[in-house]
Structure formats: C-alpha cells, structure tokens
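A short worksheet on the structure shown next.
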Amino acid sequence: MTHALQHQPIMDRTVDPAFAEAYFNAFASRNPAKFAPFLHDEVVWTISGPIDVFPYCGMHRGKAAVIDIMARQAPKVIRDVKVVRDKFLVEGNRGAALTRLTAHVVADGRTVSYRVANFFRFQDGKVVENVSLMDSFDAAEQLLGHVIEVGDAPPLADDNLIAI
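Each position in the sequence shown, counted from 1, maps to that position plus 1 in the working numbering.
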C-alpha cells in the first residue's frame, strides 16, 4: 500500500508554522469559506473511524469531496462542533495536532466528546493530505449512547504466529 506521506521533493519540505496554524484554525472552525482556500485541488483526506456510525469516514479525494464532508456529510451526524487543540507540531512540510472534538448528536442533541489526532502535509502552499484518527471506540459508544460489549478474543494457536 502506498501512502502520500512518503519522501517528497525538497521544495515541498518547509511550511511556515504561522501558515500551518492559520490552516488548522480554519479547519477547526468547520467553516468551508475559511477552510477551502487552504486545500490543494488534489487533496487526499482520510478519516479513520467506523463508517456505520460516522458515514463520512474513509478516504476522500479532491477539494470538492473534502468541502462536501465538512459542509454536508458531517453535519448530518454531529453539529455545533468545537475543536480544542491540546498539542500542535509543525516540522518541514508536515504537521500534527492532538485535539478534543466536542459536538451535539443531530439525532437527539446529546453532547459527545472524543480525541482526534490529525496529521497533515503541505505541498505548493496548500494542504495536500490529511489523516484524522479518532478515538473511534469511545466516539462510537458516545454516539450510539451505550457501551459496546466486546468479548475476549480466542487465544492464538502457535501455528498462527508469524516471526518477523
């Protein structure tokens, strides 16, 4: 599997931390008018999470698809989204943020709050890749409104192990 977070040409290796901060603030605002100017036309946007609970999770390609997630798809599930940044790091053309997302569930108005780690990469002065990893088990339990029962996994037999 090939990811875009592999070796990049030297010209794409540095982004101004103030620009990265401005991008992240626009992203956190959830306002497409503020957010869209930062997106590369060929952006790859991945949100890791259970698509049965969060239908907008998955891999999305292109600026229009990302704007659709933020403006139309996600607001069908959660609204009044607030993103509070706990940690923020920018190095070269990459950035990372550890955040807490708090929102209201559209179906019943309950408040949910869970952690999200965001990893992003810039190219040509725009965000060309974003990977968001949510604490999906916690988020799914909160959105569903109940504990998800998980049984013990069966033990692995010795012949199912592979030495690397």
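Glycine residues also receive a C-beta, built at the ideal position from the N, C-alpha and C atoms. Computed from a predicted structure; not experimentally measured.
So residue i is in the alpha helix (DSSP H); what residue range does that whole segment cover?
i   : result
K64 : 64 to 69
Y24 : 18 to 30
For residue i, list the residues DSSP reports as bridge partners.
i   : result
L40 : V128
I79 : V106
F52 : Correcting the residue type first, residue 52 is Ile in the shown sequence and not Phe. DSSP lists no partner for I52.
L99 : K88, A118
Ignore the nearest five residues each way along the sequence and tell me which others in residue i's own chain have a CB closer than 6 Å to its CB.
i    : result
Y57  : I70, Q74, A75
D125 : none
V82  : R31, A104
Applying the 10 Å Cβ sphere with the 16-neighbour rule, what's the burial state of residue i?
i    : result
I52  : exposed
M12  : Because M12 carries a pLDDT of 48, less than 50, the predicted location of this residue cannot be relied on, and no value is offered for it.
G93  : exposed
S133 : buried
G50  : buried
A27  : buried
M135 : buried
So with Cβ pairs under 8 Å, would you call residue i a contact of chain D?
i    : result
A108 : Considering every chain present, this structure includes no chain D. It has just one protein chain.
Using 8 Å for Cβ pairs, my map puts residue i next to residue j. What's the rounded Cβ distance?
i   : j   : result
R86 : A98 : 5 Å
Note down, in chain order, each residue of its chain lying with its Cβ closer than 8 Å to the Cβ of residue i, except the 5 sequence neighbours on either side.
i    : result
V129 : A5, H41, E43, V44, V45, R122, F123
Residues in the same chain with beta-carbon distance under 7 Å from residue i, minus the five sequence neighbours each way, listed in chain order, please.
i   : result
V16 : V91, N94, F123
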